[in-house]
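**Q** Position in the sequence shown (first residue = 1) + 7 = my numbering. Glycine residues also receive a C-beta, built at the ideal position from the N, C-alpha and C atoms. Below: one structure in structure tokens.
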Amino acid sequence: MTVFLLMAAGVLAGGLGALLGIGGGIVLVPVLVLGFRIPLEQAVPASLMCVVANSCAAAASYVENKLSDLRLGLTLELATVMGAIVGGLVAAFVAEAMVAVVFGLFTLFVALQMLLLRNPVQEPATAANYVPGNYPLGISGSFVAGGLSALLGVGGGPLKVPLMTYGMRVPFKVASATSNLMVGVTGAASVAAYAWRGQLNLGLVAPLVVGVLAGASVGSRLMLKTPTAVLKKLFAAVLLIVAGQMLWKGGEGLWPSVWK
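What follows is the structure, encoded as structure tokens:
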């Protein structure tokens with residue numbers, strides 16, 4: 008029974024990850040820790056492995072349909088990796104709770120912005136039919152996203168998609184598809200370190216990956232047919248959940264007596 012429940016959790020994470028370009032880790036880690044009582048040190052690498060599987064399954068469809076912007080993805084991913092390295096180096100000197108609160112407030116702001124503002128650009132048929140702008144903002148924002156990912160253990164998708172959409176005027180579906188391509192590279196680099204330390208539980212990963220591959224296959228097809236307005240509202244809902252998690256996590260660290 009547990010194996011089938013893990014597969015179902017993988018389907019949910021894979022579907023949402025492919026639809027929104029977030030990899031699914033934000034959904035999967037809380038489900039594993041709170042729902043299955045799996046220790047965080049095992050849940051995080053298992054989630055990262057699923058992010059890689061999700062990216063591989065969905066990115067192939069998006070590249071085939073010419074929805075992923077490969078040039079933009081490679082440029083921003085380089086900045087993300089550099090930010091992740093810096094974030095890993097300064098993690099010991101930064102109060103994680105304070106960063107979590109700031110990240111939660113920022114994510115809340117982005118979610119409300121996506122709910123209230125109209126789409127800044129029209130959706131093109133392919134990634135070749137638009138030109139991204141404001142590369143300095145995109146590169147610096149990706150650097151910050153990589154640093155926050157290393158500090159808090161969250162993927163860069165929740166920041167990269169709004170950054171590309173509102174900061175670089177990238178159409179939402181192109182931003183989601185490109186983000187999906189990028190999170191797989193970041194996840195692969197991260198999961199290798201956990202595997203090297205022997206923290207990757209293959210018995211846990213196997214049913215999750217099966218579910219994720221199935222969910223990503225369905226999600227990538229749905230994304231091509233789902234109206235952008237619906238995707239934006241769904242993405243905003245996920246961001247609100249992330250903001251709540253980060254504010255709770257930061258609140259526990261800054262004011263433990265209040266949160267007990």
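With a CB to CB cut of under 6 Å and the five nearest residues on each side skipped, what residues in its chain are close to L39?
**A** Only I45, A50 meet the Cβ criterion.
**Q** My output table needs one value for I45: the three-state DSSP class, helix, strand or coil.
**A** coil
**Q** Expressed to the nearest angstrom, what Euclidean distance is found between the alpha-carbon atoms of L231 and D76?
**A** 15 Å
**Q** Assess contact between the segment 102-115 and the segment 215-235, defined as three or more Cβ pairs (one per stretch) separated by less than 8 Å. Is contact present?
**A** no
**Q** Is the number of C-beta pairs between the segment 82-94 and the segment 144-155 that are closer than 8 Å three or more?
**A** yes
**Q** Would you call the CB atoms of S62 and L188 closer than 8 Å?
**A** yes
**Q** Spell out a yes or no on whether the segment 175-195 and the segment 204-211 are touching, meaning 3 or more CB-CB pairs, one atom from each, closer than 8 Å.
**A** As far as the Cβ criterion goes, the segment 175-195 does not touch the segment 204-211, which means the pair count is below three.
**Q** With I33 as the anchor, note down where its alpha helix (DSSP H) starts and where it stops.
**A** 32-37
**Q** On the premise that G164 lies in contact with I29, defined as a C-beta separation below 8 Å, what is that separation, rounded to the nearest angstrom?
**A** 4 Å
**Q** Please say whether V245 and M56 have beta carbons closer to each other than 8 Å?
**A** no
**Q** In terms of residue numbering, what span does the alpha helix (DSSP H) encompassing R176 cover?
**A** Where R176 is concerned, there is no enclosing alpha helix (DSSP H), given that its DSSP letter is neither H nor E.
**Q** By Cβ distance, which residues of its chain are closer than 7 Å to A243, with the 5 residues on each side in sequence left out?
**A** A118, M121, L122
**Q** On a CA-only basis, which of A25, M14, A16 is nearest V225? Give me that one, please.
**A** A25
**Q** So, V177 versus P139, is the Cβ gap smaller than 8 Å?
**A** yes
**Q** What is the DSSP secondary structure of A102, reduced to helix, strand or coil?
**A** Here A102 sits in coil by DSSP.
**Q** Since K232 is in the alpha helix (DSSP H), which residue starts that stretch and which ends it?
**A** 209-232
**Q** According to DSSP, is N61 helix, strand or coil?
**A** helix
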